[in-house]
Amino acid sequence: MAALSALEPKKVFEYFEKLCAVPHGSGNTKIISDLCVGFARELGLACRQDELNNVVIWKAGTPGYESAPPVILQGHMDMVCVKTGDCPKDMTAEGLDVTTDGQWVWAKDTSLGGDDCIAVAMILAILADETLPHPPLEAVFTVDEETGMDGAFGLDCSDLKGRQLLNLDSEEEGVFTVSCAGGVRVDGFLPGPAAPLAGERGYAVTISGLQGGHSGAEIDKGRASANQLMGRVLFSAMERCPGLRVADIRGGRFDNVICPRNDAKVAVPAEQAGAFGDFIREFDAVLKNEYAGCDDGLCLTCEPAAVEMAMSAADTRRVLAALLALPQGVQAMNVDFPGLVQTSLNLGVMGMEEDGLHLTVSIRSCIASQKDMMRQRVRTILEMGGGTAEARSDYPGWQYRRVSGLRERLMAAYRELTGEEARIEATHGGLECGLFIEKMPGLDAVSLGPELRDIHSVRERLSVASTERLYRLVCEFLKRSR
């Protein structure tokens with residue numbers, strides 16, 4: 000029996016479980032894209048799949064709604080794949096082990112991918128419902144949203160007629176998102192070729208136990224980045240042990256995730272080994288004190304390790320100085336939406352290769368000029384460290400639309416269904432709405448979604464009751480759209 004078969008809305012969770020049964024991490028979306036095309040064909044609906052694996056499905060309006068303005072329903076197929084350290088699952092080839100207690104849905108030992116396959120499942124359920132009155136529908140399923148919105152960037156929108164977009168990629172019920180930050184990735188490189196050791200002792204240094212989280216949604220919570228901390232730790236260790244040489248330093252898999260763990264290898268002169276071990280123990284206490292209350296699981300450790308090659312002491316100083324200088328986290332707050340982060344950056348991924356240290360920084364801002372300024376700052380720091388920086392995946396923000404008929408109708412439906420007022424908010428996260436608005440002049444958009452907790456982590460979970468309420472809201476909105 001399917002694990003989610005007892006949950007309502009039955010069709011939504013049936014589709015969701017089928018989607019979860021196939022691998023669909025960013026960059027690995029062919030199977031899930033084909034699955035969506037197969038669903039469309041089963042329903043007898045026109046569809047288009049492009050070379051990126053984006054899928055568009057059309058359904059005509061029901062009787063009485065044939066001439067109503069079309070509505071675009073949109074979500075992304077890819078997920079951030081995260082698993083526990085002892086999970087044997089190959090997430091590039093295997094589906095998820097979803098489970099439920101009737102109140103929440105999660106996946107055993109991995110992230111769930113509710114962000115954003117629950118949107119895909121809801122939209123498919125709407126398309127499959129022959130009893131629901133609705134206007135003409137255009138279902139848009141994009142790929143690789145989590146790694147730079149590449150699907151939305153590449154999607155041909157010329158055959159989309161709708162100018163009303165419901166993006167189902169938010170994670171807080173009762174909140175309608177109407178503006179978002181733009182973003183850009185910067186791929187950096189700091190040269191530092193390895194050379195044989197000269198009698199130094201090798202050590203493995205680990206920072207672990209951090210919460211991590213989404214670099215848009217959780218960047219304001221004060222959580223530590225293991226990547227940023229490791230640069231600080233090793234720079235400080237180098238001041239205590241001047242002959243320290245870095246052999247390896249790596250952490251993170253996704254640039255939009257606050258890195259929860261970093262593993263490094265260093266070599267220190269034999270006469271400094273005792274001082275190095277003392278420093279690591281002392282600095283562990285320093286970091287535990289600094290991050291008490293937000294990262295109580297933080298742990299800094301070292302142990303002897305086999306190290307044969309490492310950067311020179313001079314290259315080590317240059318690279319660690321650049322890492323220490325790189326900013327991390329919130330840089331400015333928004334004055335129009337109190338409590339909203341305006342500008343931030345996140346050192347999400349870094350790792351040593353034969354030629355030196357490669358890293359990726361995710362920059363976000365709803366102010367284009369501040370986004371450009373942070374890109375300049377990162378590039379300048381890396382260039383001063385003898386390195387390079389290349390920008391990619393530069394996507395626009397979504398400016399608040401003061402007059403929105405779509406938003407007003409959605410709020411009215413929410414009010415009548417719940418007896419409460421929805422909250423209108425902006426987000427520091429990136430949403431595909433900005434790209435669609437740029438491609439389709441006059442497009443009116445709102446982003447909403449069911450309650451999701453701890454996305455992009457092994458603690459990710461989806462509220463069953465919230466999913467049912469959100470689905471009912473979208474259906475009610477469609478009934479009123481003629």
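In numbering that gives the first Met the number 0, the protein residues as written are 0 to 481.
Where is the CB? At the ideal position from N, CA and C, for every residue including glycine.
Cα-Cα separation, residue i to residue j
i, j, result
"residue 18", "residue 34", "8 Å"
"residue 168", "residue 175", "11 Å"
"residue 12", "residue 111", "13 Å"
"residue 350", "residue 308", "15 Å"
"residue 243", "residue 266", "6 Å"
"residue 277", "residue 271", "10 Å"
"residue 428", "residue 386", "29 Å"
"residue 444", "residue 406", "8 Å"
"residue 48", "residue 57", "12 Å"
"residue 490", "residue 360", "What is shown of the chain runs 0 to 481, which leaves residue 490 out entirely."
"residue 133", "residue 187", "48 Å"
"residue 490", "residue 273", "One cannot answer for residue 490 here, as it falls past the ends of the chain, which runs 0 to 481."
"residue 329", "residue 298", "23 Å"
"residue 338", "residue 332", "7 Å"
"residue 45", "residue 37", "11 Å"
"residue 464", "residue 343", "33 Å"
"residue 458", "residue 214", "16 Å"
"residue 253", "residue 425", "23 Å"
"residue 352", "residue 285", "30 Å"
"residue 149", "residue 255", "14 Å"
"residue 380", "residue 316", "14 Å"
"residue 16", "residue 480", "29 Å"
"residue 63", "residue 129", "14 Å"
"residue 55", "residue 335", "36 Å"
"residue 402", "residue 96", "44 Å"
Cβ neighbours of residue i in the same chain (closer than 6 Å, five flanking residues each side left out)
i, result
"residue 203", "264, 302, 304"
"residue 52", "28, 29, 32, 142"
"residue 189", "318, 321, 355, 356, 384, 386"
"residue 358", "187, 349"
"residue 151", "141, 431, 434"
"residue 477", "133"
Cβ neighbours of residue i in the same chain (closer than 7 Å, five flanking residues each side left out)
i, result
"residue 91", "22, 24, 27"
"residue 183", "362, 370, 374, 390, 392, 393"
"residue 467", "7, 8"
"residue 223", "209, 290, 294, 297"
"residue 81", "109, 110, 455, 456, 457"
"residue 60", "67, 133, 134, 135"
"residue 399", "177, 178, 425"
Residue i, enclosing beta strand (DSSP E) - first and last residue
i, result
"residue 291", "Unbroken run through residue 291: none, as it is neither H nor E."
"residue 336", "Taken as a continuous stretch (DSSP letters only), residue 336 belongs to no beta strand (DSSP E), as it is neither H nor E."
"residue 221", "Unbroken run through residue 221: none, as it is neither H nor E."
"residue 359", "355–364"
"residue 262", "261–267"
"residue 26", "Where residue 26 is concerned, there is no enclosing beta strand (DSSP E), given that its DSSP letter is neither H nor E."
"residue 203", "200–207"
"residue 245", "244–250"
"residue 2", "Here residue 2 belongs to no beta strand (DSSP E), and DSSP marks it neither H nor E."
"residue 315", "Careful: residue 315 lies outside any beta strand (DSSP E), inside the alpha helix (DSSP H) at 312–324."
"residue 484", "It is not possible to answer for residue 484, since the shown part of the chain is limited to 0 through 481."
"residue 58", "54–58"
"residue 139", "136–141"
"residue 305", "Premise fails: residue 305 is in no beta strand (DSSP E) and is neither H nor E."
Cβ separation of residue i and residue j, assumed to be a contact under 8 Å, to the nearest whole Å
i, j, result
"residue 469", "residue 172", "6 Å"
"residue 395", "residue 433", "5 Å"
"residue 229", "residue 248", "6 Å"
"residue 323", "residue 103", "No, residue 323 and residue 103 are not in contact; Cβ-Cβ is about 41 Å, not under 8 Å."
"residue 374", "residue 362", "6 Å"
"residue 397", "residue 178", "5 Å"
"residue 325", "residue 346", "6 Å"
"residue 447", "residue 42", "Wrong, their Cβ atoms sit about 24 Å apart, outside the cutoff."
"residue 159", "residue 70", "No, residue 159 and residue 70 are not in contact; Cβ-Cβ is about 11 Å, not under 8 Å."
"residue 218", "residue 260", "Between residue 260 and residue 218 the Cβ distance is about 18 Å, and since that is not below 8 Å, they are no contact."
"residue 268", "residue 199", "6 Å"
"residue 474", "residue 131", "6 Å"
"residue 449", "residue 117", "6 Å"
Limits of the unbroken alpha helix (DSSP H) element including residue i
i, result
"residue 12", "9–19"
"residue 35", "29–41"
"residue 466", "463–478"
"residue 118", "113–127"
Cβ-based neighbour list, residue i, same chain, cut-off 8 Å, excluding 5 preceding and 5 following
i, result
"residue 421", "173, 174, 175, 409, 410, 413, 414"
"residue 98", "2, 104, 105, 106, 107"
"residue 376", "326"
"residue 196", "244, 266, 306, 307, 308, 309"
Heavy atom of the ligand FAD within 8 Å of residue i beta-carbon
i, result
"residue 464", "What this structure holds is no ligand at all, so the ligand FAD is not there to describe."
Entirely within the segment 378–461 and at least 3 residues each: give me those beta strand (DSSP E) ranges in chain order.
Inside the segment 378–461, DSSP marks whole beta strand (DSSP E) runs of 3 or more residues at positions 387–394, 422–426, 443–446, from first to last along the chain.
Extract the residue ranges of the beta strand (DSSP E) inside the segment 87–111, only unbroken runs of 3 or more that lie entirely within it.
97–99, 103–106
Taking only runs of the alpha helix (DSSP H) that begin and end inside the segment 145–189, which ones reach a length of at least 4 residues, in chain order?
149–153
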